[in-house]
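Novice: Below you'll find the structure I mean.
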Amino acid sequence: MSTQAPVLMIIAPLIASIFITLIGWFRPKFSHPIAVISLLISSIASIQVFQMVLSNGPQQYFLGNWPAPFGIEYVIDHLNSLLLVTISVVATLVALYAKRSVEKELPDKLANYYTLFVLLVTGLLGISITGDAFNLYVLLEIAALTSYALIAFAKGRSLMATFNYVMMGSIGACFYLLGVGYLFIKTGTLNMTNLSQILVSLHMSQAVLVGFVLIILGMWVKMAFFPVHGWLSNAYTYAPTASTCLIAPLMTKVSVYVMIRVMTSVFSTEYVFNHLSWHLVVVAMASVAILVGSMMALSQRDLKKCMTYLVVAEIGYMVGGAWLGNPAGMTGATYHIIADAAMTACLFMAVGCIIYKHGHTSLDTMKGIFRKMPLTMLGFVVGMLSMIGVPPTCGFFSKWYLISGAIEAGQWHFMLALLFSSLVNAIIFFRIIEIGFFGSLGSETPDPHEHQDVAVKEAPLSMVLPMLVVAGALIGIGIYTSDIISLVIQPLISATF
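The opening residue of the sequence shown carries number 16 in this note's numbering; numbering runs sequentially from there.
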């Protein structure tokens with residue numbers, strides 16, 4: 016590639032982490048602008064890379080001009096180019112959003128926090144772009160280690176939640192690394208392109224089978240796919256607000272991307288769906304994941320914890336769609352990676368605004384919240400409508416493709432799980448409407464004829480505006496669904512099935 020945009024996209028936040036550490040030691044207030052500037056550079060570079068892929072097709076970049084398999088190769092195609100834009104733009108918006116929240120929650124740790132923040136983004140971008148299986152492991156661990164620290168900043172119950180996260184994350188990393196080791200023993204290469212070419216003749220190998228299973232199990236643990244989801248809820252609930260707003264939308268989605276990349280680019284759909292024929296079991300597990308996540312969300316009385324269980328259900332959406340074994344399901348899964356990243360960011364940003372002003376998110380104390388924080392709740396409403404699947408939000412179109420794929424594959428239980436999840440999301444939404452909009456502000460028995468004047472107590476504009484931008488993106492992505500499908504996802508589907 017003639018441009019250095021792919022490496023600039025990753026190196027900008029990496030270099031920023033060094034400057035934040037050095038300058039932040041003496042001037043902590045400069046940590047935030049350095050982080051934001053580096054992420055803006057990364058966003059611009061990722062958009063440039065995305066445009067190049069749309070214009071010229073998949074691109075390759077060899078670090079140090081060492082050709083594969085001797086050097087590390089960056090591979091940018093239609094699948095990950097849009098994901099790169101999503102990661103960098105969401106991270107930039109969260110960084111803008113985080114300033115006041117971090118100053119309030121972690122006033123004496125600004126430099127440490129933003130150093131880890133940009134390192135996490137570096138890891139996520141690297142995971143998405145690398146074409147080397149071992150380099151992917153290294154970047155997975157960079158992202159994991161920084162996310163552990165970002166969650167542990169909150170102290171208190173977050174420490175035990177982080178410990179559980181560390182244990183499960185380490186198990187997932189071990190599974191992945193062992194799987195890569197098995198593939199290396201059989202093929203002698205770690206380059207994903209070379210792996211895919213050699214593995215075609217090794218479909219009957221038991222070592223290859225073990226390698227595939229270990230890699231997939233590792234990524235399931237990393238993404239908190241049922242039944243190894245127990246660590247996620249507490250980790251996201253007790254983390255600092257800004258940490259949750261960054262980790263919840265991106266970490267699980269990148270793990271799903273890695274799973275799809277391994278299924279389609281390292282192995283093949285012929286191997287996964289025809290040779291192994293395990294996909295029906297995985298879809299059944301995804302259906303259970305959706306049901307469990309939805310029911311656990313419905314049972315919560317804390318809004319933030321409720322949202323964390325919705326993340327568990329959404330993981331079931333993407334895993335189930337990817338394993339349906341047909342183009343519609345894979346289209347829905349890959350589209351939902353982008354849609355769910357935006358939905359989750361919007362909802363957790365809204366929850367963070369509530370925490371900033373009120374210090375908690377207990378549903379029992381949120382009476383009148385719609386009148387106190389109208390802009391925040393506007394963003395929350397758009398996020399929930401997308402989570403339910405109401406057009407023209409992007410959530411509707413991803414569910415449309417997922418349900419179409421389920422019907423085509425005859426997986427009626429998966430279709431029913433998707434519909435049940437939408438129903439539960441609607442119940443949760445209207446419960447919040449009932450409490451937050453119609454709830455009494457001054458007494459336990461509201462007077463329907465009483466009109467109380469309520470002082471608007473919004474979160475700072477620096478928090479509200481990024482949230483509203485993401486809320487607008489939910490509608491914008493939905494409106495341009497056909498373009499996203501035809502220009503970005505369809506080339507992947509055509510090359511895969």
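For each residue, glycine too, the CB sits at the ideal point set by N, CA and C.
Have a look at residue 456 and residue 383 and give me their C-alpha separation to the nearest angstrom.
Specialist: Because the pLDDT at residue 456 is just 45, under 50, the model does not fix this residue reliably, and the value given afterwards should be weighed accordingly. Their Cα atoms are separated by approximately 6 Å.
Novice: The alpha helix (DSSP H) with residue 89 in it runs from where to where?
Specialist: Careful: residue 89 lies outside any alpha helix (DSSP H), inside the beta strand (DSSP E) at 88-91.
Novice: Going by DSSP, what residue range makes up the alpha helix (DSSP H) through residue 199?
Specialist: It spans 172-202 - the alpha helix (DSSP H) in which residue 199 sits, taken as one unbroken run.
Novice: Could you check what DSSP says for residue 74 in three-state terms: helix, strand or coil?
Specialist: Residue state, collapsed to three classes: strand.
Novice: Does DSSP put residue 379 in a helix, in a strand, or in coil?
Specialist: Residue 379: helix per DSSP, three-state reduction.
Novice: Can you give me the start and stop residues for the alpha helix (DSSP H) that residue 316 sits inside?
Specialist: That residue, residue 316, is in no alpha helix (DSSP H); it is neither H nor E in DSSP.
Novice: Which same chain residues end up closer than 8 Å to residue 297 when comparing Cβ atoms and leaving out the 5 residues on each side of it in sequence?
Specialist: Closer than 8 Å at the Cβ level, and outside the excluded window around residue 297, lie 334, 335, 338.
Novice: I'd like the span of the alpha helix (DSSP H) that includes residue 498, first residue to last.
Specialist: Segment 496-499, the alpha helix (DSSP H) holding residue 498.
Novice: Report the residue from 497, 507, 390, 406 whose alpha carbon sits nearest the alpha carbon of residue 481.
Specialist: For the residues 497, 507, 390, 406, the minimum Cα distance to residue 481 belongs to 390.
Novice: Alpha carbon to alpha carbon, what distance is there between residue 475 and residue 250?
Specialist: Looking at the two C-alpha atoms, the distance is approximately 26 Å.
Novice: Straight-line CA distance for residue 47 to residue 149?
Specialist: Spanning the two alpha carbons is a distance of roughly 32 Å.
Novice: Do residue 305 and residue 424 come within 9 Å of each other at the CB atom, strictly closer than that value?
Specialist: It is not a contact, given that the beta carbons lie outside the stated cut-off.
Novice: Ignoring anything shorter than 4 residues, give me the alpha helix (DSSP H) runs that lie fully in the stretch 327-403, in order along the chain.
Specialist: Listed in chain order, the complete alpha helix (DSSP H) runs (minimum 4 residues) inside the stretch 327-403 are 342-373, 384-387, 389-403.
Novice: Compute the distance between the beta-carbons of residue 362 and residue 313, then report whether it is under 9 Å.
Specialist: Against a cut-off of 9 Å, the Cβ pair of residue 313 and residue 362 comes out as no contact.
Novice: Short of 7 Å in beta carbon distance, which residues of its chain neighbour residue 511, apart from the five on each side in sequence? Order them along the chain.
Specialist: Same-chain partners within the cutoff: 279, 284, 345.
Novice: Taking its Cβ as the centre, do 16 or more other Cβ atoms sit within 10 Å of residue 17, making it buried, or is it exposed?
Specialist: Any reading at residue 17 is ruled out, since the residue's pLDDT is 46, under 50, leaving its predicted position unreliable.
Novice: Please report the distance separating the alpha-carbon of residue 172 from that of residue 254.
Specialist: Taking the straight line joining both Cα atoms gives about 9 Å.
Novice: For residue 189, I'd like the list of residues in its chain whose CB is within less than 8 Å of its CB, leaving aside the five on either flank, ordered along the chain.
Specialist: These residues qualify, in order along the chain: 233.
Novice: Can you tell me the Cα-Cα spacing of residue 320 and residue 248, whole angstroms?
Specialist: Computed Cα separation, rounded: 6 Å.
Novice: How close, in whole Å, do the beta carbons of residue 58 and residue 104 come, if the pair is a contact with beta carbons under 8 Å?
Specialist: Right, their Cβ atoms sit about 5 Å apart.
Novice: Mind checking who residue 206 pairs with in its DSSP beta bridge?
Specialist: In DSSP, residue 206 forms a bridge with 147.
Novice: Give the DSSP-derived three-state secondary structure of residue 246 in the structure shown.
Specialist: In the structure shown, residue 246 sits in a helix (DSSP, three-state: H, G or I).
Novice: Taking 9 Å as the cut-off, decide whether the C-beta atoms of residue 140 and residue 61 are in contact.
Specialist: Against a cut-off of 9 Å, the Cβ pair of residue 61 and residue 140 comes out as a contact.
Novice: Can you say whether residue 316 is buried or exposed, counting buried as having 16 or more other CB atoms within 10 angstroms of its CB?
Specialist: It is exposed - the Cβ of residue 316 has fewer than 16 other Cβ atoms within 10 Å.
Novice: Would you kindly work out how many angstroms separate the C-alpha atoms of residue 231 and residue 434, rounded to a whole number?
Specialist: Rounded to whole angstroms, residue 231 to residue 434 spans 27 Å at the Cα level.
Novice: Does the stretch 405-423 come within contact of the stretch 368-386, defined as at least 3 CB pairs closer than 8 Å?
Specialist: Touching, no, given that fewer than three Cβ pairs across the two stretches are closer than 8 Å.
Novice: Among the residues of its own chain, which have a CB less than 6 Å from the CB of residue 134, if the five just before and after it don't count?
Specialist: Closer than 6 Å at the Cβ level, and outside the excluded window around residue 134, lie 32, 161.
Novice: Taking all protein chains shown into account, decide if residue 426 is buried (16 or more other Cβ within 10 angstroms of its Cβ) or exposed.
Specialist: Classification for residue 426: buried.
Novice: Beta-carbon within less than 8 Å of residue 483's beta-carbon, same chain only, minus the 5 sequence neighbours each way: which residues are those?
Specialist: 390, 393, 394.
Novice: Spatial neighbours of residue 27 within its chain, please: C-beta separation below 6 Å, excluding the five flanking residues on both sides.
Specialist: These residues qualify, in order along the chain: 53, 56, 57.
Novice: On the DSSP letters alone, give me the boundaries of the alpha helix (DSSP H) that residue 293 sits inside.
Specialist: Careful: residue 293 lies outside any alpha helix (DSSP H) and carries neither H nor E.
Novice: Which of the three DSSP states is assigned to residue 40 in this structure?
Specialist: Here residue 40 sits in coil by DSSP.
Novice: Kindly confirm or deny that the stretch 262-275 and the stretch 285-295 touch, where touching means at least three C-beta pairs closer than 8 Å.
Specialist: As far as the Cβ criterion goes, the stretch 262-275 does not touch the stretch 285-295, which means the pair count is below three.
Novice: Short of 7 Å in beta carbon distance, which residues of its chain neighbour residue 100, apart from the five on each side in sequence? Order them along the chain.
Specialist: Excluding positions up to five away in sequence, the list reads 61, 62, 65.
Novice: So, helix, strand or coil for residue 219, using DSSP?
Specialist: Of the three classes helix, strand and coil, the one that applies to residue 219 here is coil, per DSSP.
Novice: Alpha carbons only, please: which of 180, 318, 360 is nearest the one belonging to residue 264?
Specialist: Residue 264 has its Cα closest to that of 360, out of 180, 318, 360.
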